[in-house]
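Below: the structure, in structure tokens.
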Amino acid sequence: MKKIILLLFVSYFLIYCQKKTEKLTPVKYISKINIEKQIYSKDSLTLVSSIQKDISEHKGGYHSKTFDAETLIIIDTIMYSPNNERIFFFVITKSQNKKLYPKEMSEQEMSEASKYSNLALDGSHFQGKAYVAYKKNDTILRTQFYGITTSEYENIESVRQRQRNIFFKEFSAVNEKGYEYNVDDKRFWDNDYFWDKMNRELENEKEFEEMKITNPENIYENPRSR
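Every position in the sequence shown, counted from 1, becomes a number in this note's numbering once 95 is added.
Following this line, the structure appears as structure tokens:
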């Protein structure tokens, strides 16, 4: 029990103390793609269905059992490439705080552990993830988990602000190849290194799914689990 409490405290301390470096997108490069409201709404519904599938199968960014059929899914922001063939979108989920704790914990143990968290035991929390999607002839063919998850917040606005900070301010400040441009930068869509990497990971995912069917005895865990 003491180990669980200590882990919760250390995790919160590390998140709180992280220093973020920001690099804003120059105004002249900010992407402005106009999408018809009808198309945006249609895509939103498709993306919700895709995330529901990931949650039900515990795939993509939803391997944790914290996510289940009761998880509320919100497609917060959809960004389109100029040719409308690629999408970068933010997902926000709402779940009960009790589901953050192991199922074997008693109500009393959860109540004690929750004293070291900023989330009320009987409340809910919001969490954000980033995904990409691929379209052809105005139809979304596939979604793909990008890999960044926010902390748990007690309100949705905090998640929205954190996601925008990550992808519109901090992304291009990362000193690594593939992070040259923020996601709201029109040049982001022409960043071949980033999209080639995503395509390679997509191929790895396909191979993994095929392997599960043809050679299930060789499968231990999803290589995209994070």
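By construction, the Cβ of each residue, glycine as well, lies at the ideal position given by its N, Cα and C atoms. Computed from a predicted structure; not experimentally measured.
Candidates the options, of which the one nearest residue i by Cα
i, options, result
"Thr-244", "Ile-146, Val-254, Tyr-135 and Arg-237", "Val-254"
"Ile-134", "Lys-230, Glu-265, Lys-154 and Gly-218", "Lys-230"
"Tyr-288", "Gln-258, Glu-271, Lys-123 and Thr-141", "Glu-271"
"Thr-172", "Lys-193, Arg-257 and Pro-311", "Arg-257"
"Tyr-248", "Lys-132, Gly-155, Glu-202 and Lys-224", "Lys-224"
Rounded separation between residue i and residue j - CA only
i, j, result
"Tyr-196", "Asn-232", "44 Å"
"Leu-167", "Ser-190", "7 Å"
"Glu-252", "Lys-127", "23 Å"
"Trp-284", "Ser-212", "39 Å"
"Met-205", "Gly-218", "13 Å"
"Ile-308", "Met-293", "23 Å"
"Leu-297", "Phe-303", "10 Å"
"Ser-151", "Leu-214", "25 Å"
"Glu-160", "Lys-137", "Residue identity check: residue 160 is Lys in the sequence provided, not Glu. Roughly 29 Å between the two C-alpha positions."
Contact set for residue i: own chain, Cβ-Cβ below 7 Å, skip 5 residues either direction
i, result
"Thr-116", "Glu-265 and Ala-268"
Other residues of its chain near residue i: CB distance less than 6 Å, five sequence neighbours each side excluded
i, result
"Ala-228", "Ile-182, Ile-235 and Thr-238"
"Ile-169", "Ile-187"
"Ile-49", "It is not possible to answer for residue 49, since the shown part of the chain is limited to 96 through 321."
"Lys-281", "Tyr-124 and Ser-126"
Beta carbon proximity, residue i to chain C, threshold 8 Å
i, result
"Ile-243", "In the structure shown, chain C does not exist; there is a single protein chain."
Nonlocal neighbours in the same chain, by C-beta distance under 8 Å from residue i, ignoring five residues either side
i, result
"Asp-279", "Thr-120, Ile-125, Ser-126, Met-174, Phe-262 and Phe-263"
"Val-143", "Ile-168 and Ile-170"
**Prompt:** What residue ranges within the region 223-296 form continuous alpha helix (DSSP H) runs of no fewer than 4 residues, ordered along the chain?
**Reply:** Scanning the region 223-296 for uninterrupted alpha helix (DSSP H) segments of 4 residues or longer gives 251-260, listed from N- to C-terminal end.
**Message:** Counting beta carbon pairs with one atom in the region 133-147 and one in the region 160-179, are three or more of them shorter than 8 Å?
**Reply:** Yes, since at least three Cβ pairs between the region 160-179 and the region 133-147 fall closer than 8 Å, the two stretches touch.
**Request:** For the region 143-219, list the beta strand (DSSP E) runs that are entirely contained and at least 3 residues long, ordered along the chain.
**Result:** Counting only runs of 3 or more, we get 167-175 and 181-191.
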